[in-house]
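> Convert by adding 4 to the 1-based position in the sequence shown; the result is the number in our numbering.
Glycine included, C-beta positions come from ideal geometry on N, C-alpha and C.
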Amino acid sequence: MTDYELLRQQTREMIAADCWFVSALSNVSALLADTLPELNWVGFYLLRGGRLVVGPFQGKPACVHIPVGKGVCGSSLERDEALNVPDVHAFPGHIACDSASRSELVIPLHADGKPLAVLDMDSPVLNRFGAEDEAGLKEIARVIEQEISWGIMESDRVES
5 MTDYELLRQQ TREMIAADCW FVSALSNVSA LLADTLPELN WVGFYLLRGG RLVVGPFQGK
65 PACVHIPVGK GVCGSSLERD EALNVPDVHA FPGHIACDSA SRSELVIPLH ADGKPLAVLD
125 MDSPVLNRFG AEDEAGLKEI ARVIEQEISW GIMESDRVES
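Okay, here's the thing in structure tokens:
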């Protein structure tokens with residue numbers, strides 16, 4: 005049984021170390037991959053140019069672009085709701101980046117109230133994500149939304 009309260013605290017502490025989205029999402033994906041059993045992929049897709057683009061993740065190489073409204077990730081972003089899919093092969097339009105994936109949980113992330121990314125977790129086990137997992141991971145997503153910095157600070161730009 006996963007201690008989601010501890011995982012939430014660890015997520016908050018990791019983001020506090022550096023809230024820039026690349027650093028934060030890289031460490032959070034590593035934390036989730038290391039902590040949660042029976043995952044074969046965990047990471048983030050970020051909205052860029054009107055489509056989802058792969059961001060920091062742990063697992064095999066992934067699909068680079070996912071159109072909004074397509075697959076589990078694109079559908080989650082378009083509907084602005086978490087999608088817990090017990091059997092991805094039964095999901096209409098499922099995009100199979102890894103043929104070993106059997107179930108998937110996707111949770112949208114927001115900035116200024118608008119969805120701009122998703123947390124995506126795949127498992128080689130059917131019906132891997134229960135109600136407790138979904139609730140706990142939604143709390144992790146809320147921490148990310150509250151603590152992360154999605155922008156690039158002017159002082160970080162290289163002068164030419």
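Should the segment 54 to 62 be regarded as contacting the segment 90 to 99, the criterion being three or more beta carbon pairs within less than 8 angstroms?
The segment 54 to 62 vs the segment 90 to 99: no contact.
> Which parts of the segment 66 to 120 are runs of the beta strand (DSSP E), unbroken and 3 residues or longer, counting only runs that do not cross its ends?
Listed in chain order, the complete beta strand (DSSP E) runs (minimum 3 residues) inside the segment 66 to 120 are 69 to 71, 87 to 89, 107 to 115.
> Is residue 124 helix, strand or coil when you go by DSSP?
Working through the sequence shown from its first residue, we reach residue 124 at position 120. Note: residue 124 maps to strand in three-state DSSP.
> Taking buried to mean at least 16 other C-beta atoms within 10 Å of its own C-beta, is residue 136 buried or exposed?
By 1-based counting over the sequence shown, the position of residue 136 is 132. Answer is exposed; the Cβ neighbour count stays below 16.
> Cutting at 8 angstroms between CB atoms, please list the residues of its own chain near residue 33, excluding the five before and the five after it.
Against the sequence shown, residue 33 aligns to sequence position 29. Answer for residue 33: 46, 47, 48, 60, 61, 62, listed in chain order.
> Nearest by alpha-carbon distance to residue 130: which of 5, 148, 44 is it?
What you label residue 130 is simply residue 126 of the sequence shown in a count that begins at 1. Among 5, 148, 44, the Cα nearest to that of residue 130 is on 44.
> Let me make sure I understand the geometry here. Which of 124, 146, 152 has the alpha-carbon closest to that of residue 8?
Position 4 of the sequence shown, counted from the first residue, corresponds to residue 8. Of the candidates 124, 146, 152, the one whose C-alpha sits nearest the C-alpha of residue 8 is 146.
> Taking Cβ to Cβ, would you say residue 2 is nearer than 8 angstroms to residue 111?
Limits of the chain in this structure are 5 at one end and 164 at the other, which puts residue 2 out of reach.
> Beta-carbon within less than 8 angstroms of residue 128's beta-carbon, same chain only, minus the 5 sequence neighbours each way: which residues are those?
Locating residue 128 in the sequence shown gives position 124, where the first residue counts as 1. Contacts found: 42, 44, 104, 105, 106.
> Look at the Cβ atom of residue 108, then the Cβ atom of residue 89, and state whether they are nearer than 8 angstroms.
To locate residue 108, count along the sequence shown from 1; it is residue 104. To locate residue 89, count along the sequence shown from 1; it is residue 85. Yes, Cβ-Cβ distance for residue 108 and residue 89 is below 8 angstroms.
> What three-state label does DSSP hand residue 133 in the structure shown?
Along the sequence shown, one-based indexing puts residue 133 at 129. Coil at residue 133, not helix or strand.
> Any idea if residue 18 is buried or exposed, counting beta-carbon neighbours within 10 angstroms, 16 or more meaning buried?
Here residue 18 corresponds to residue number 14 of the sequence shown, with the count starting at 1. Buried, because 16 or more other Cβ atoms sit within 10 Å of the Cβ of residue 18.
> Please tell me whether residue 124 and residue 67 are closer than 8 angstroms, where the distance is taken between their beta carbons.
For the purposes of this step, residue 124 is identified with residue 120 of the sequence shown, where counting begins at 1. For the purposes of this step, residue 67 is identified with residue 63 of the sequence shown, where counting begins at 1. Cβ atoms of residue 124 and residue 67: not closer than 8 angstroms.
> How big is the Cα-Cα spacing for residue 36 and residue 70?
Position 32 of the sequence shown, counting from 1, holds the residue named residue 36. Position 66 of the sequence shown, counting from 1, holds the residue named residue 70. If I take the Cα positions, the gap works out to 22 angstroms.
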